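A.B. asks:
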Amino acid sequence: MFLANAKPSKANAHHGVFTEKKRPKNNSQQKEDSPSSQQLYFSPNKGQWSNDITSIAKANIPGGSVYIRKNGIRIVSSHPDDIAIKHKAFHYRSTDSLFVLRYHVSDIEFAFSQTPKRIDYENLAPFYENYFLGNNPAYWKNNVQPAAKIILREVYPRIDIAIYFVGDHLEFDWILHPGSHPNDIALRIDSSSIFNLKNNQIITTTSVGKWLIQAPVASQVMAITKKIKPILCRYTHRTDHLIGLSVGKYDTGQVLTIDPILVFSTYSGSQGDNFGFTATFDTAGCLYSGGIVDASIQKYPVTTGAFQTNYGGGGIGSPPVTLPCDISISKYSADGSKLLYATYMGGDDDEYPHSLCVDSDNNLLVFGTTLSTNFPVQTDSAFSDIHQGDYDIFINKLSTNGTQLLAGTLIGGQDADGFQTESPSTDLIYNYADNYRGDITTDTRGNIYLATCTRSDDFPTTPGAFQSKPNGATDAAILCINPNLSGLIWSTLIGGTKDDAAYSIKIDDSAHVFVGGGTSSGNFPMVGNGFLKTGKGNIDGYVLRLRQNTGNYEVGTYWGSEEYDQVYFIDLDIQQKVYFTGQTEGNINRSAGTYGKNNSAQFIGRFGNDLKTEEFVTTFGNRTTGQPELSPSAFMVDNCYNIYFSGWGSVIGVGNSGSTSGLPITIDAHQKTTDNKDFYLIVLGKDAKNLKYASYYGGNKSADHVDGGTSRFDKRGVIYQSVCASCPNTPPGLNDFPTSPANVAFKNNVSVRCSNASFKLDFRLGYAIDAIFTVNPKRLCRNAPVFFKQANIYKAQYLWDFGDGDTSHSINPSHLYKDSGTYSISLTVKDSNSCNPLASSKQTIQILVTPKGSITYSETICGSGIDFHLDITNTDSVFWNFGDGSQTQITAGNGLIQKNYQYKSGQYTPLILLKNTRSGCLDTLSIPVLVNSDSTHEILIANVFTPNGDNKNDCFRVFGLSPDCDKAELRVFNRWGERVFYTENLKLCWNGKVNNSGPELPSGTYFYQLDIIKSRYNKAPKLFSGSINLLRDQ
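Here the numbering used here = 1-based position in the sequence shown + 641.
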């Protein structure tokens, strides 16, 4: 939890005490000319403050003081307007000596707490303080060593609180041990302050200003899986001035921390020399790393069934990496414990991955360059499967399990494409491996966008392109290609007469594409009314805006100083404002109130969406040589407007010499020390006003770096970083890169030299909702269930619109679509407690053309079988199983199909399978059929009749035979064997007379023979015989 000034003061306050500070020799602190750049410390109360026996420690902050007490925190803050008055009074003696400084004392009490059982002081300052207050030596205290972090043990039963500063903001973490009760925690805000609970933050208004306590963030490391599980956590308003904590379900047998966590860090497991280039993530939090590997002798740990399990073979090893290679790709589980798949990707020459991303189906998109004439692409559907010459661009799409190449294409001309060449030299190569920059992204429809460069005169562009031919040595190339990589939607070049390249690409919510890059062309084309139409130096950065559907270039702006500048990454916030970052050798003055250091070498800025206004810019770092110390590797703005940056500073032997020496870090840094050759991770708050987190990451022996490609942050504030780790100049390799946890996929470096290490770090700096969701499946047949899943753990309001008129408020619903077509699904998430109360996103789903049919049957006249009546649509193939072991297949179209089938006696359930061969969709029909072919079951013969003229049973007849369909002979005999009746006409019956016309026969017993020659049920002859009683009235 952060405790921060809502409106921080811009000047330091006079604190009213005299201290003498002494530092050990050869120990100095880097000073930033920023209000939030120096580490703040707590000075323990050793008795130097005679009038304060309840405080444990005190810290001076801009505009006031913070006191740590046994049962709470006291904040003394001054009115920001009084700082200037006080300065004037003390220094110029020009103000009335009777002026009054306005202060406010606010107390945050740990309500119902107990006296801490122990107080621990951690992260001790590299100096000590001597206090000489007043004339009583009892209050003179020497060698008081401040601490950056204080932990009060068991302020509640089995609950600790850790208190420390991040920048000039106070943070406190609750640590709940097994057996504790979260409901014990309560904060009482003193009655002199007015507070309210908004966006899950405690905002307090005092007489001199406002301060707030940021939203709590809780997590827990699971005992068995070692996964870090986020836990729902909210403030609750108990009474007027009492705040409690509501915590979701968690494992009470494990430690729960409320309020960055290293999720995992792993080597690649490669035995061959393996360089790290690029990384990305998917919606499940899996990490994908892309690198190169020389597997000519020692192998990469490819998995069974992977897309390419054999090494394609490397070339001569082109500079700057000079390693014969194929591409290596690995996918790790979200917790890093499992290698989900690993594959080679390459032909018989060298190839390099520049950038990775996933599409909305979590298929991996790989953008890179290749020298191989046999590089694997989809030859039957590719935009081009022919290598045009030199370096060609490739884009490949791998299935989510890594087993299939779903799509792939080459793009290029006869010269180098996608690759900034060493010979002839390109002006824009500044850092080691800048040759491999560029970016790939995708939209919700699956279209793929690329920011890169080309030297080819015949690079493919589309009609109406802003620029179809290069103007200089290297031009920026920006393009959009369809999801199956079979055709360009649009493609254009943009450049001047020298070198130009595009490095980063993003898409906003209003159908705009933004591109960032660098140019050495004095005439780089700028259109529209952008912020800066003319460049300032020999090499400048730029940001452009194009139309998403056409690639039409709408507006652009330079950015830079009179010296070297390049924009390497851009990103968009939820208001669609454009952030940019990169390097400079110039002198850049920071915007007022931003964190940083003037004239540093790394910059972060923001434009409005129209690129007309620069809203702020800041620089950060510790430049001592006039050159940038960090090569940017990843950049992002989260939904709470926090700004994330990752870069590396090392001396590789070529390019700019970077360093991580002396860079500011925060007290909660994951790694507080550096060998000056590490990665540097930094997070700035909203509008770059404050430093929220900074840390090193790397080994202690080798120069950690990445070979040019992009790594990424997700919008939840998690970095997925690819690293070329433990890489000495000559074999053997080292094992110095920090890996974690113990069950990570590859804990040790087994390579002959370098390993493509990867790490995932969760910064957990904001409580923000998002509307990211997965759809499974996204392409399916009608009447199959579709499952939707989103990843928020918070109790938000959810509105799903399935695009067919149906909606749902479920967290993770499923849905059945009744009709074929393409549907747009939207999710809207609302949470008034989040820093972004509203989030929404859309995806499309395709319900394929699905067969549809109905089946009935009837018995045929004269017993020629069963007539089936099948009515079908969207069907071109019918497979018919009649249920008696017989089956057939017919080609069919829409409409009615009549089918006759002869059954034996019995009960059957025929099954009809309908198929649409184009979509692959099926439908099944079945119907029960009862067939009785045994005539004894159908023929009824009476055994008595009474021919008395009452029209009731007056005639002896046979029931169950059809006069039209059956053939039979009926004979009747008296007891002497004389035939008294014969007929072949099944419509006739015997009336009790001789042959129906002679004299009446007397009552008595007679005998019949029914000879069925043929019936509709049984074609074989059959004979029935029996007796019949004739009864007459006496």
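By construction, the Cβ of each residue, glycine as well, lies at the ideal position given by its N, Cα and C atoms. Computed from a predicted structure; not experimentally measured.
What does the Cβ neighbour count give for ILE1180, buried or exposed, with the cut at 16 atoms within 10 Å?
C.D. replies: buried
A.B. asks: Run the CB neighbour count on TRP1631, radius 10 Å, all protein chains shown included, and call it buried at 16 or more, exposed below.
C.D. replies: buried
A.B. asks: DSSP three-state call for LYS1401: helix, strand or coil?
C.D. replies: strand
A.B. asks: Which residue or residues does DSSP assign as beta-bridge partners of HIS882?
C.D. replies: DSSP output for HIS882 lists no bridge partner at all.
A.B. asks: For GLY931, which residues from the same chain have a beta carbon less than 6 Å from its beta carbon, with the 5 sequence-adjacent residues on both sides left out?
C.D. replies: PHE918, THR919, ILE970, PRO994, LEU997
A.B. asks: Hey, quick one: how far does the beta strand (DSSP E) through PHE1008 stretch, first residue to last?
C.D. replies: 1005 to 1011
A.B. asks: Mapping the DSSP letters down to three states, classify ASP923 as helix, strand or coil.
C.D. replies: coil
A.B. asks: Straight-line CA distance for PRO1273 to LEU1322?
C.D. replies: 10 Å
A.B. asks: Under 7 Å Cβ to Cβ from GLY1633, same chain only, skipping five residues before and after it: list those, please.
C.D. replies: PRO1588, GLU1641, LEU1642, LEU1671
A.B. asks: How is the beta strand (DSSP E) around ASN1670 delimited, first residue to last?
C.D. replies: 1663 to 1671
A.B. asks: How about the stretch 1003 to 1016 and the stretch 1075 to 1083: do they share at least three Cβ pairs that are nearer than 8 Å?
C.D. replies: Yes, they touch.
A.B. asks: Taking SER1336 as the reference, which of PRO1305, SER1644, ASP1652 has the closest Cα?
C.D. replies: From the listed residues PRO1305, SER1644, ASP1652, the smallest Cα separation to SER1336 is found for PRO1305.
A.B. asks: If the criterion is Cβ atoms closer than 7 Å, does the pair CYS1422 and THR1491 meet it?
C.D. replies: yes
A.B. asks: What does the alpha-carbon distance come out to for the pair VAL1393 and VAL1470?
C.D. replies: 50 Å
A.B. asks: I'd like to know whether the C-beta atoms of LEU853 and ILE749 end up nearer to each other than 7 Å.
C.D. replies: no
A.B. asks: SER669 to PRO787, Cα distance in whole Å?
C.D. replies: Since pLDDT at SER669 reaches only 34, below the 50 mark, its modelled position is unreliable, and no value is offered.
A.B. asks: Where do the ends of the beta strand (DSSP E) carrying GLU770 lie?
C.D. replies: Here the beta strand (DSSP E) through GLU770 covers 769 to 772.
A.B. asks: Are at least three pairs of beta-carbons, each pair with one atom in the stretch 873 to 888 and one in the stretch 833 to 849, less than 8 Å apart?
C.D. replies: Verdict: yes, contact present.
A.B. asks: Note down, one range per segment and in chain order, each beta strand (DSSP E) of at least 3 residues found wholly within the stretch 1111 to 1188.
C.D. replies: Listed in chain order, they are 1116 to 1122, 1129 to 1135, 1141 to 1148, 1153 to 1160, 1181 to 1188.
A.B. asks: So who's on the other strand from HIS1028, going by DSSP bridges?
C.D. replies: Partner(s): none; HIS1028 has no beta bridge.
A.B. asks: In the DSSP assignment, what residue or residues form a beta bridge with TYR1077?
C.D. replies: Answer is none; TYR1077 lacks a bridge partner.
A.B. asks: Which same chain residues, not among the five before or five after ARG1483, have their C-beta less than 7 Å away from its C-beta?
C.D. replies: One point to set straight first is that residue 1483 is Lys, not Arg, in the sequence displayed. The answer, listed in chain order, is THR1085, SER1465, ILE1466, SER1467.
A.B. asks: With a cut-off of 8 Å on the beta carbons, I'd call PHE905 and ASP976 a contact; round off their distance for me.
C.D. replies: 6 Å
A.B. asks: From ASN1088 to ILE1122, what does the alpha carbon distance come to, in whole angstroms?
C.D. replies: Whole-angstrom Cα-Cα distance: 6 Å.
A.B. asks: In angstroms, rounded to a whole number, what distance separates the CA positions of PRO1269 and ALA789?
C.D. replies: Roughly 29 Å separates the two Cα atoms.
A.B. asks: Excluding the 5 residues preceding and the 5 following LEU1051 in the sequence, name in chain order all residues of the same chain whose CB lies nearer than 8 Å to its CB.
C.D. replies: Excluding sequence positions up to five before and after LEU1051, its CB lies within less than 8 Å of the CB of THR1011, PHE1016, VAL1018, ALA1023, PHE1024, SER1025, ASP1026, ILE1027, HIS1028, GLN1029, ASP1033, ILE1034, PHE1035, all in the same chain and listed in chain order.
A.B. asks: For ASP1149, which residues from the same chain have a beta carbon less than 6 Å from its beta carbon, with the 5 sequence-adjacent residues on both sides left out?
C.D. replies: LEU1213, GLN1217
A.B. asks: Would you say PHE1221 and GLY1246 are within 7 Å of each other, going by their C-beta atoms?
C.D. replies: Yes, the Cβ-Cβ distance between PHE1221 and GLY1246 is below 7 Å.
A.B. asks: With DSSP run on the structure shown, which of helix, strand or coil describes VAL1490?
C.D. replies: coil
A.B. asks: For ILE1538, tell me which candidate among TYR1498, TYR1205, GLY1524 has the shortest Cα-Cα distance.
C.D. replies: TYR1498
A.B. asks: Return the chain-ordered ranges of every beta strand (DSSP E) run that is complete within the stretch 772 to 835 and spans a minimum of 3 residues.
C.D. replies: 782 to 785, 788 to 797, 800 to 807, 810 to 817, 827 to 830
A.B. asks: CA-CA distance, ALA983 and GLU1226?
C.D. replies: Answer to the nearest angstrom: the Cα atoms are 40 Å apart.
A.B. asks: On the three-state DSSP scale, how would you describe ASP1033?
C.D. replies: strand
A.B. asks: Based on Cα-Cα distance, which residue from ILE1452, LYS1493, ALA1057 lies nearest to SER1013?
C.D. replies: ALA1057
A.B. asks: Is the stretch 1229 to 1246 touching the stretch 1256 to 1263, taking contact as three or more C-beta pairs under 8 Å?
C.D. replies: yes
A.B. asks: Less than 7 Å between the C-beta atoms of LEU582 and GLY1462, yes or no?
C.D. replies: The structure shown does not extend to residue 582, since the chain is modelled only from 642 through 1675, so no value can be given for it.
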